[in-house]
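Participant:
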Amino acid sequence: MVTRPRPRVGVLALQGDVREHVRVLSDLGAEVATVRRPEELAQVDGLVLPGGESSVIDKLARAFGMRDPVRAAIAEGMPVYGTCAGLILLADRITDGIEGQQTFGGLDVTVRRNAFGSQVDSFEVDLDVPVLGRPPVHAVFIRAPLVVQAGEGVERLAALADGRVVAVRQGALLGTSFHPEVGGEQRFHALFLDMVRDRVG
Ligand code: GLN
Numbered sequence: 000m001v002t003r004p005r006p007r008v009g010v011l012a013l014q015g016d017v018r019e020h021v022r023v024l025s026d027l028g029a030e031v032a033t034v035r036r037p038e039e040l041a042q043v044d045g046l047v048l049p050g051g052e053s054s055v056i057d058k059l060a061r062a063f064g065m066r067d068p069v070r071a072a073i074a075e076g077m078p079v080y081g082t083c084a085g086l087i088l089l090a091d092r093i094t095d096g097i098e099g100q101q102t103f104g105g106l107d108v109t110v111r112r113n114a115f116g117s118q119v120d121s122f123e124v125d126l127d128v129p130v131l132g133r134p135p136v137h138a139v140f141i142r143a144p145l146v147v148q149a150g151e152g153v154e155r156l157a158a159l160a161d162g163r164v165v166a167v168r169q170g171a172l173l174g175t176s177f178h179p180e181v182g183g184e185q186r187f188h189a190l191f192l193d194m195v196r197d198r199v200g
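For the sequence shown, numbering that gives the first Met the number 0 assigns the number 0 to the initial residue and increments by one for each residue that follows.
#1: Closest to VAL167 by CA distance: which of GLY81, VAL119 and GLU180 is it?
#2: From what residue to what residue does the beta strand (DSSP E) around SER121 run?
#3: List in chain order: all unbroken alpha helix (DSSP H) runs of 4+ residues lying wholly within the segment 46 to 113.
#4: Which same chain residues end up closer than 6 angstroms to LEU173 when comparing Cβ atoms and leaving out the 5 residues on each side of it in sequence?
#5: Three-state secondary structure (DSSP) at ARG142?
#6: Take VAL47 as the anchor and find which of LYS58, ARG61, ARG22 and SER54 has the nearest alpha-carbon.
#7: Shorter than 7 angstroms, the distance from the beta carbon of SER53 to the closest heavy atom of the ligand GLN, or not?
#8: Return the residue from the list VAL165, PHE115 and SER54 that minimises the CA-CA distance to GLN101.
#9: Is the CB-CB distance between LEU59 and GLY9 below 8 angstroms?
#10: Return the chain-ordered list of same chain residues with a C-beta closer than 7 angstroms to the C-beta of GLU19, the five sequence neighbours on each side being excluded.
#11: So does ARG66 have its beta carbon nearer than 7 angstroms to some heavy atom of the ligand GLN?
#12: Just mark ASP44 as buried or exposed, buried being the case when its beta carbon has 16 or more other beta carbons within 10 Å.
#13: What does HIS20 pair with, by DSSP beta-bridge criteria?
#14: Quick check: ARG186 and VAL136, are their CB atoms within less than 8 angstroms of each other?
#15: By the three-class DSSP mapping on this structure, what secondary structure does VAL153 have?
#16: Counting pairs of beta carbons, one from the segment 119 to 127 and one from the segment 142 to 162, are three or more of them closer than 8 angstroms?
#17: Within this structure, are the beta carbons of ARG70 and GLY104 separated by less than 8 angstroms?
#18: What is the DSSP secondary structure of VAL34, counted as helix, strand or coil?
#19: Excluding five sequence neighbours on each side, which residues of the same chain lie with their C-beta closer than 8 angstroms to the C-beta of GLY76?
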């Protein structure tokens, strides 16, 4: 019998809700490491970019010499899953970033930061996500971004009732505006681990 190796995945641990992602990925049977340095990135087959504050993660990534290694890993096809701030960091283009804010890029999308404004800081909604089947995903949005434009190669995995896109996939890159790791939802992480296994296998 062939046993599938446990996927080795990292969570970029510069800022944000690192622990929540580590917990979900560990619960799903992955071997999980926190990643702060290029040597640590080199040890993993997939990477999660957590929620948090994208401008801070961007600055720390540059300060820690992580920007170029992460960009290179994405270019080489490493599976990467970004939630909220992580989605912003995966976007090729952003609007409403702070002065000088950069992203790693890779996803052919334009993402608007803090797209729901200060009136609606946070909300929760049940979302239909056809690739995940039933039941709907209970999605927690916290100062969330929106995908306001997406290139032809980008799959729209979920949208709000009014059609605004909140989950996308393109090749080995997965991004959600919301935080499945906060609501006890594991299926996006399971999908991501499948992408990592496909890539390694
Ligand atoms: N508004 C944050 C940012 O711009 C994202 C919020 C989150 O990750 N929950 O990075």
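Backbone N, C-alpha and C define an ideal beta-carbon position, used for all residues, glycine too.
Facilitator: This is what the structure holds:
#1: GLY81
#2: 121 to 126
#3: 53 to 62, 66 to 74 and 84 to 89
#4: TYR80 and PHE191
#5: coil
#6: ARG22
#7: yes
#8: SER54
#9: no
#10: GLU180 and VAL181
#11: no
#12: buried
#13: In DSSP, HIS20 forms no bridge with anything.
#14: yes
#15: coil
#16: yes
#17: yes
#18: strand
#19: GLY170, ALA171 and ARG198
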